[in-house]
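Residue numbers (the working numbering): 93 to 174. Just below is one structure, and these are the notes that go with it.
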Amino acid sequence: MVGVTDDVPVIDAPVTDEPDTRRLDELLDDLYHGQERISQADIYRRAVAAELPAALLTRIAALPQGEYAVDEAADLLGGAVT
Numbered sequence: 093m094v095g096v097t098d099d100v101p102v103i104d105a106p107v108t109d110e111p112d113t114r115r116l117d118e119l120l121d122d123l124y125h126g127q128e129r130i131s132q133a134d135i136y137r138r139a140v141a142a143e144l145p146a147a148l149l150t151r152i153a154a155l156p157q158g159e160y161a162v163d164e165a166a167d168l169l170g171g172a173v174t
């Protein structure tokens, strides 16, 4: 939807509560390259370093402590890594 405010077009972006998970998928692909399981703490540290959006960092921080296989992490975090 496009509106006009003071002769300047304004484009209304769709509002979603789901963050874009492409960056998460890329992070998981990179993290798990050659690794079977990775700890929640390591996933979180790498996500912070990669400057993932706050919504994704919150999801990662909410994971119980422990190690995760890539498919487990993707399922729990809403990613699409297979």
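Note that the Cβ used here is the ideal one computed from N, Cα and C, for glycine as well.
Counted as a single uninterrupted DSSP element, the beta strand (DSSP E) harbouring Glu159 occupies residues 159 to 161.
For Val140 and Gln132, the gap between their C-alpha atoms comes out near 12 Å.
Three or more beta-carbon pairs separated by less than 8 Å link the region 121 to 135 to the region 150 to 166, which places the two stretches in contact.
The DSSP assignment places 129 to 131 as complete runs of the beta strand (DSSP E) inside the region 105 to 153, in order along the chain (cut-off: 3 residues). Taking 9 Å as the cut-off, the beta carbon of Pro145 is found closer than this to the beta carbon of Asp112.
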